[in-house]
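Participant:
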Amino acid sequence: MADRRHPEGSDPTGEHDRPGVFRRKGAGDGADAFEKLYRGRESEQRVVGETRRMPAADDDVPPLRSERPKRRTHHAGREYDGTGRTRRRRERTARKARNVTVVTLVVLLAAVLVLPTWFYLWANARLQRVDALQDYEGRPDRQDGEVYMIVGSDSREGLDDDQIQELSTGRAEGRRTDTIMLLYIPDTDDAEPTIVSVPRDSYVELAIPGYAPNKINTAFADAVCGTDDEGEEVCGGPAPLVRTFEQASGVRVDHYVEIGMGGFVGLVDAVGGVELCPEEPMEDPKAGLDIEAGCQTMDGGTALGYVRTRATPRADLDRIARQREFFSALVEKTSAPGTLFNPFRSVPLVLEGTDMFMVDEDDRLRHLATLLLAMRGGTRTTAIPVDATPTLPDVGSVVQWDEALSQEMFAAMQEGEPIPESAFQD
4 MADRRHPEGS DPTGEHDRPG VFRRKGAGDG ADAFEKLYRG RESEQRVVGE TRRMPAADDD
64 VPPLRSERPK RRTHHAGREY DGTGRTRRRR ERTARKARNV TVVTLVVLLA AVLVLPTWFY
124 LWANARLQRV DALQDYEGRP DRQDGEVYMI VGSDSREGLD DDQIQELSTG RAEGRRTDTI
184 MLLYIPDTDD AEPTIVSVPR DSYVELAIPG YAPNKINTAF ADAVCGTDDE GEEVCGGPAP
244 LVRTFEQASG VRVDHYVEIG MGGFVGLVDA VGGVELCPEE PMEDPKAGLD IEAGCQTMDG
304 GTALGYVRTR ATPRADLDRI ARQREFFSAL VEKTSAPGTL FNPFRSVPLV LEGTDMFMVD
364 EDDRLRHLAT LLLAMRGGTR TTAIPVDATP TLPDVGSVVQ WDEALSQEMF AAMQEGEPIP
424 ESAFQD
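In this note's numbering, each residue's number is its place in the sequence shown (first place is 1) plus 3.
1. Would you tell me roughly how many angstroms separate the C-alpha atoms of residue 122 and residue 130, rounded to the nearest one?
2. Would you check if there are 3 or more beta carbon pairs closer than 8 angstroms linking the segment 417-428 to the segment 190-198?
3. In the DSSP assignment, find the alpha helix (DSSP H) that holds residue 325 and state where it starts and stops.
4. Leaving out five residues before and five after residue 8 in sequence, what residues of the same chain have Cβ atoms less than 6 angstroms from its Cβ?
5. Quick one: measure Cβ to Cβ for residue 100 and residue 363, integer angstroms, because I've assumed they're closer than 8 angstroms.
6. Quick test of your reading: residue 388 and residue 428, contact by CB under 8 angstroms. State the CB separation rounded to the nearest angstrom.
7. Would you mind working out which of 407, 399, 334, 361 sits nearest residue 376, comparing C-alpha positions?
8. Going by Cα to Cα distance, which pick from 245, 107, 309 is closest to residue 267?
9. Can you check DSSP and say which residues form a bridge with residue 229?
10. Under 8 angstroms by Cβ, that's how I've got residue 197 and residue 383 pegged, so tell me the actual separation to the nearest angstrom.
11. For residue 286, which of helix, strand or coil comes out of DSSP?
12. Residues bridged to residue 217 by DSSP?
13. Would you be able to state if there are at least three C-beta pairs under 8 angstroms between the segment 246-263 and the segment 134-150?
14. Along the chain, where does the alpha helix (DSSP H) that runs through residue 430 open and close?
15. Considering only residues of the same chain and omitting the five flanking positions on each side of residue 332, which have a CB-CB separation below 8 angstroms?
16. If you draw a straight line from the alpha carbon of residue 412 to that of residue 108, how long is it in whole angstroms?
17. Let's test the definition: count the other Cβ atoms within 10 Å of the Cβ of residue 97 and tell me whether it reaches 16, buried, or not, exposed.
18. If you follow the alpha helix (DSSP H) that residue 140 is part of, which residue opens it and which one closes it?
19. Can you tell me which of the three DSSP states residue 255 falls into?
20. Between the segment 208-223 and the segment 232-252, can you find at least three pairs of beta-carbon atoms closer than 8 angstroms?
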C-alpha cells in the first residue's frame, strides 16, 4: 500500500518533482520567481531572540515621544501642536476678553441709564408738593395749550436772621405773592411760548367763602379764611389762588410752581448771577437796592431787590415788567450749555431748585424741565391788559382788567392759539 504521506514522486522534504508545481531547486540554482517576489528583504527581517541592550546611565536617552512639528492650516494665524494647549490658551484669552467687554457694557449702561434715572427720582422726591390744582364744580375744561402758574411768594422760610437783615426782607409772618405769572405754551408748532404777568392787585372775585371782591393777592394770603357751605374753613393759599384766577379768566391752569425768597436768592447764586439792564439808577432802602443804570450781572440778593422794589413812577406795573425781564434772563442762564454741562453749576442748581420749589401734587420734575425747555427757544412777554388803577374803599389801589382785550387774550388761551398782537400790553 502506498504511503499517503509520501506519494510517488515526492520525498519527505516536501519538494515535488511533478510538473506545474513550484519547488526549491538545488543549492546552486538560486530562488525561483515566487521566492523572489514574496521573500522579505534581509534588511527588514528581525532576528528572533536577539537580546535588547539597555542604554548606559550616561547615555542620552531619546524621548519616549518625539516632538511633533507644528503645522499650519490654511489659516496662517492658527497653529496646532498636537496637544491642544494652544487652542485652550486661545479660548481662555477670548473668554476673558468677552467677560471684560460684557462688564464694560454693563458699567456703561448703568452710567447712561441707571445713574441718571436714580438722580432724576432722587431730585424729584426733593420737590415740595401742595394740593394746588383741585377739581370743583364749574372748573374750566382742559384746553389744547398748556398753562403754568408761577408764583413768587414773600415767604421768609429758609432765611436766617443775618440773611433777613442783609436782604432787607423784614420779618413778616405767613406768605403773600410777590409775583404771579403764567407761562402759556400754545398748541401750535410755530408759536412761541408767552409769559403773561398777572398784576397781584388785580381786582377779582375771590374763591374764599364770605369775602367780597378784592385783590387777587388776597386769595393767596394764609391769614384770610372763610367758611364754606359744608361748614369747613377755607383759608388763602395756592388752591384758592388758582381757583380765583380760573373763575375770573375762564383759563384752566395745568401746572403750579412756587418759590420763596430764600429759594429765589439761592437759585440765582447757583447759576452765577443773571444779567439785568436797568434803564436808570435805582435806590430803595426798603428793598436793599442801590444799583447804577446799564447792563450788569446781579447776584441773588441784588436781583431780589430789583424785582421787589416799587420805587418807580408806575409802582406795581413797573415791577411786573422787571419780573418778566428777570424771569427770561434766569431761564436763559439756566438753560445755557455752560450751566447744563458744567457740574459745578448744574448740580447746585438742581439741589437748590428741587429743595426750594413747591409744585402741585401731580407735577413732576419733568414738568419743570418742560417749562425750561419751552422757554429755551425764546419767549414773548406781556401782561393782562389793564383798563384802570382806581383806589377803592376798604381795598385800596387796585388794577382793573381791560374787559375786551383781556377776554381776547383768554379766548386764545382757551383754544390753544397764540395770543393776538392786539391783546399784548407792556
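Cβ atoms here follow ideal geometry from the backbone N, Cα and C, with glycine treated the same way. Quick caveat: nothing in here was measured; it's all calculated off a predicted structure.
Facilitator: So, from the listed chains and residues:
1. 13 angstroms
2. yes
3. 319-337
4. With a pLDDT of only 49 at residue 8, under the threshold of 50, the placement of this residue in the model should not be trusted; the figure read from the coordinates follows. Result list for residue 8: empty, nothing under 6 angstroms.
5. About 52 angstroms separates the two Cβ atoms, so there is no contact after all.
6. 5 angstroms
7. 334
8. 309
9. 237
10. 5 angstroms
11. strand
12. 207
13. yes
14. No answer is possible for residue 430: the residues shown for the chain start at 4 and end at 429.
15. 277, 278, 279
16. 53 angstroms
17. exposed
18. Element bounds for residue 140: n/a, residue is neither H nor E.
19. coil
20. yes
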